[in-house]
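**Student:** Once you've had a glance at the structure underneath, I'll fire off some questions.
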Amino acid sequence: MHATVVALFALVVVAAGQLQQQPVQIARDYVLNADSTGQHSLSYAENDAARTQHLALKPSPEGYVPTIQGSYSFRAADTNKIYTVRYIADETGFHAEGDHLPVAPAIPDLPATF
């Protein structure tokens, strides 16, 4: 029994030594602006590559339509290249674009046949 406990303890110590802890990213820049209508803008940077910006605004005749528009950037782990994604989310849905994202081909205009 004693040997089992010692072996189990040794196994835990060896396994704990193999864990690699990643450094925690601290927000370097952080700006939040808001007003009484609910419109706001937010931007922050975690490091030289990871950045996020978005803002909510879109007045309409019925009031304000909830809209989020922004972008974020990240560094690819395999190539070390920085990619930026631009997005908008509104009453038509979520739409993202970036140089590294695929784009659907254009749908040709076809005459209606009955």
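Residue numbering for the sequence shown follows this note's numbering, beginning at 1 and increasing consecutively. Cβ coordinates follow ideal geometry from the N, Cα and C atoms, glycine included.
Going by alpha carbons, who is nearest to E46 out of T92, G63, E91 and Y30?
**Tutor:** Taking the sequence shown and counting its residues from 1, the one referred to as residue 46 is at position 46. Nearest C-alpha to E46: Y30.
**Student:** If distances are taken between C-alpha atoms only, which option among D78, L55, P61 and S60 comes closest to A89?
**Tutor:** Position 89 of the sequence shown, counted from the start, is the residue given in the question as residue 89. It is L55 whose Cα lies nearest to the Cα of A89.
**Student:** Taking the alpha carbon of H100 as the point to measure from, which residue in S73, T52 and Y44 has its own alpha carbon closest?
**Tutor:** Taking the first residue of the sequence shown as 1, we reach residue 100 at position 100. Looking at the Cα atoms, S73 is the closest of the given residues.
**Student:** Helix, strand or coil for P59 per DSSP?
**Tutor:** As a working mapping, residue 59 is identified with position 59 in the sequence shown. Of the three classes helix, strand and coil, the one that applies to P59 here is strand, per DSSP.
**Student:** Alpha carbon to alpha carbon, how far is P61 from G98? Give it in angstroms, no decimals.
**Tutor:** The residue given as residue 98 occupies position 98 in the sequence shown. The residue given as residue 61 occupies position 61 in the sequence shown. Their Cα atoms are separated by approximately 32 Å.
**Student:** So, with DSSP's three-state summary, where would you put Q39?
**Tutor:** Start at 1 with the first residue of the sequence shown, and residue 39 comes out as number 39. Looking at Q39 - three-state DSSP - the assignment turns out to be coil, as it is neither helix nor strand.
**Student:** Tell me the rounded alpha-carbon separation between L110 and Y83.
**Tutor:** Sequence index remark: in the sequence shown, residue 110 carries index 110 (1-based). Sequence index remark: in the sequence shown, residue 83 carries index 83 (1-based). Going by the C-alpha atoms only, they are around 36 Å apart.
**Student:** On a CA-only basis, which of P105, T67, T113 and S71 is nearest G93? Give me that one, please.
**Tutor:** Here the question's residue 93 lines up with position 93 in the sequence shown. Nearest of P105, T67, T113 and S71 to G93, Cα basis: T67.
**Student:** Is it the case that the Cβ atoms of Q53 and S71 are separated by a distance below 8 Å?
**Tutor:** As a position in the sequence shown, residue 53 is number 53, starting the count at 1. As a position in the sequence shown, residue 71 is number 71, starting the count at 1. It is a contact, given that the beta carbons lie within the stated cut-off.
**Student:** Out of curiosity, what's the CA-to-CA distance linking L32 and R75?
**Tutor:** The sequence position of residue 32 within the sequence shown is 32, counting from 1. The sequence position of residue 75 within the sequence shown is 75, counting from 1. Straight-line Cα distance between these residues: approximately 24 Å.
**Student:** Sorted by chain position, which residues of the same chain lie with C-beta nearer than 8 Å to K81's C-beta, five sequence neighbours on each side aside?
**Tutor:** Here residue 81 is taken as the residue at index 81 of the sequence shown, counted from 1. Answer for K81: R75, listed in chain order.
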